[in-house]
Amino acid sequence: MDLRQLRYFKMVADERNFTRAAQRLHIAQPPLSRQIQQLEAELGTSLFDRDARPLGLTPTGRLFYDQANQVLSRVEDMRSMITRAIATQQRNFVIGFVASTMYARLPDLIREFRKVAPEVNLSFVEMGSIEQISALKEGLIDVGFGRIRFDDPAVRRTILRNERLVVAVPMDHPFTRETAPIPLSRIATQPQILYPRAPRPSYADQVLSLFHDNGLEPTIAHEVRELQIAVGMVAAEEGVSIVPESVHQSRTVDVCYLPIAETLSSPVIMSHRVNDISQELAIMATVIATTYRRWDYPVPDTITEMAEKSGLM
Numbered sequence: 009m010d011l012r013q014l015r016y017f018k019m020v021a022d023e024r025n026f027t028r029a030a031q032r033l034h035i036a037q038p039p040l041s042r043q044i045q046q047l048e049a050e051l052g053t054s055l056f057d058r059d060a061r062p063l064g065l066t067p068t069g070r071l072f073y074d075q076a077n078q079v080l081s082r083v084e085d086m087r088s089m090i091t092r093a094i095a096t097q098q099r100n101f102v103i104g105f106v107a108s109t110m111y112a113r114l115p116d117l118i119r120e121f122r123k124v125a126p127e128v129n130l131s132f133v134e135m136g137s138i139e140q141i142s143a144l145k146e147g148l149i150d151v152g153f154g155r156i157r158f159d160d161p162a163v164r165r166t167i168l169r170n171e172r173l174v175v176a177v178p179m180d181h182p183f184t185r186e187t188a189p190i191p192l193s194r195i196a197t198q199p200q201i202l203y204p205r206a207p208r209p210s211y212a213d214q215v216l217s218l219f220h221d222n223g224l225e226p227t228i229a230h231e232v233r234e235l236q237i238a239v240g241m242v243a244a245e246e247g248v249s250i251v252p253e254s255v256h257q258s259r260t261v262d263v264c265y266l267p268i269a270e271t272l273s274s275p276v277i278m279s280h281r282v283n284d285i286s287q288e289l290a291i292m293a294t295v296i297a298t299t300y301r302r303w304d305y306p307v308p309d310t311i312t313e314m315a316e317k318s319g320l321m
């Protein structure tokens, strides 16, 4: 499987016709058909329902289409990032992040970083916590902000802080008429909306562990791709979702964020390559240390050490 085959597959899926796809790709139809057949043979399944008119995707094909789009988008992001870096001749610092950290004050840290180091070209790649491991080791990102604990000898992780979890419910849900925090046992009786669907393990597994650790077996109504879809499903009254407290800043209409009786939290974790001594990483550590002190947040010892060794504090 290669990027060319993914592009060919996407074009056929978008056009729903081999002939039109070949024309847009500026190739003959037979080579295009052979590439798709080779891709299907490698995957061991049909991606297209060739009996449908117009041409349609099989259920597996629809799943593969979502994944192919993500891969191609990631490749395009990296190409644009490199092009910008070459064009500007700036130092480049690539930040990987999970969506929920954008609510957990990561934008504030980014703004502070830009004030301290305006000459550094910042690039951003949304990716899951586990994806950040390989991205760091392959040099695709320089630092990652995620929520899942993991161990890898090549990657150092620091828990910046633990963020309290709340339950997102529809505006007219019976829970909204209660004055006390909602016990996890009662939340478990409601249909649950989990995110992200993939890759796993993920924040979804973290939430499931919270239920299981309390002897509860929730009913899963939906597993969706990302946070905003989960909140949208809550607004549509498809269920409830346990989310980090900071998500309430999204101000989604028709959704209420209620406290949970138990003290449940999700960590905000910064990850970077072991023995990385880059100036950009030192600047990030310094920004976190100074900003956290201003916010009256505890500063992790490892962040303080990185900042002090840099000589920037």
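So the sequence shown is numbered by the numbering used here: it starts at 9 and just counts up by one.
From the three backbone atoms N, C-alpha and C, an ideal C-beta is built for every residue, glycine too.
Rounded Cβ spacing between arginine 233 and proline 267 (contact assumed at less than 8 Å): The sequence position of residue 233 within the sequence shown is 225, counting from 1. The sequence position of residue 267 within the sequence shown is 259, counting from 1. With 8 Å as the limit, arginine 233 and proline 267 do not qualify as a contact, their Cβ atoms being about 27 Å apart.
Exposed or buried, aspartate 150, counting other C-beta atoms within 10 Å across all chains shown (16 or more means buried)? Within the sequence shown, the letter at position 142 stands for residue 150. It counts as buried.
With C-beta atoms as the reference, is valine 174 less than 8 Å away from isoleucine 195? Mapped onto the sequence shown, residue 174 falls at position 166. Mapped onto the sequence shown, residue 195 falls at position 187. Not closer than 8 Å, so no.
Rank Leu148, Ala143, Val177 and Gly136 by C-alpha distance to the C-alpha of arginine 157 and give the top, closest one. In the sequence shown, residue 157 corresponds to position 149, counting from 1. Selected option, being the one with the closest Cα: Gly136.
Delimiting residues of the beta strand (DSSP E) encompassing valine 151: The residue given as residue 151 occupies position 143 in the sequence shown. First-last of the beta strand (DSSP E) with valine 151: 151-154.
What beta strand (DSSP E) runs, 3 residues minimum, are completely inside the stretch 217-280? 227-231, 249-252 and 263-267
Residues near tyrosine 111 in its chain [Cβ-Cβ closer than 6 Å; skip 5 each side]: In the sequence shown, residue 111 corresponds to position 103, counting from 1. Excluding residues within five positions, the ones whose Cβ falls inside 6 Å are Ser254, Val255 and Gln257.
When DSSP labels each residue in this structure, what does glutamate 171 get in the three-state scheme? Here residue 171 corresponds to residue number 163 of the sequence shown, with the count starting at 1. Strand.
So, are the CB atoms of proline 252 and serine 286 less than 8 Å apart? In the sequence shown, residue 252 corresponds to position 244, counting from 1. In the sequence shown, residue 286 corresponds to position 278, counting from 1. Contact flag unset, no.
By DSSP, does aspartate 57 sit in helix, in strand, or in coil? Within the sequence shown, numbered from 1, the residue matching residue 57 stands at position 49. Aspartate 57: strand per DSSP, three-state reduction.
Own chain residues within Cβ distance below 8 Å of arginine 12, not counting five before or after: Here residue 12 is taken as the residue at index 4 of the sequence shown, counted from 1. Hits under 8 Å: Gln43.
Would you mind reading off the limits of the beta strand (DSSP E) that contains glutamine 200? Residue 200 sits at position 192 when you count from the first residue of the sequence shown. Counting along the chain, the beta strand (DSSP E) containing glutamine 200 begins and ends at 199-202.
Count the CB pairs spanning the stretch 183-191 and the stretch 130-149 that are closer than 8 Å, and state whether there are at least three. no
For serine 131, tell me which candidate among Asn100, Gly154, Ala107 and Tyr265 has the shortest Cα-Cα distance. Within the sequence shown, residue 131 is the residue found at index 123, counting from 1. Selected option, being the one with the closest Cα: Asn100.
Would you mind stating whether phenylalanine 219 and proline 226 have Cβ atoms separated by less than 8 Å? One-based indexing of the sequence shown puts residue 219 at position 211. One-based indexing of the sequence shown puts residue 226 at position 218. Yes, they are a contact pair.
With a CB to CB cut of under 8 Å and the five nearest residues on each side skipped, what residues in its chain are close to isoleucine 103? Position 95 of the sequence shown holds residue 103. Once the five neighbours on either side are set aside, the close Cβ partners of isoleucine 103 are Ile118, Leu130, Ser131, Phe132, Val133, Ile149, Asp150, Val151, Gly152 and Phe153.
Would you mind sorting methionine 241 into buried or exposed? The rule is 16 or more other CB atoms within 10 Å of its CB. For this step, residue 241 is matched to residue 233 along the sequence shown. Label assigned to methionine 241: buried.
Return yes when the Cβ of glutamate 48 is within less than 8 Å of the Cβ of leucine 55, no when it is not. Working through the sequence shown from its first residue, we reach residue 55 at position 47. Working through the sequence shown from its first residue, we reach residue 48 at position 40. Result yes, Cβ atoms of leucine 55 and glutamate 48 sit closer than 8 Å.
Under DSSP, the beta strand (DSSP E) around isoleucine 103 begins and ends at which residues? Locating residue 103 in the sequence shown gives position 95, counting from the first residue. Residues 99-105.
Please report the residue range of the beta strand (DSSP E) in which glutamate 134 lies. Working through the sequence shown from its first residue, we reach residue 134 at position 126. Glutamate 134 -> beta strand (DSSP E) spans 128-134.
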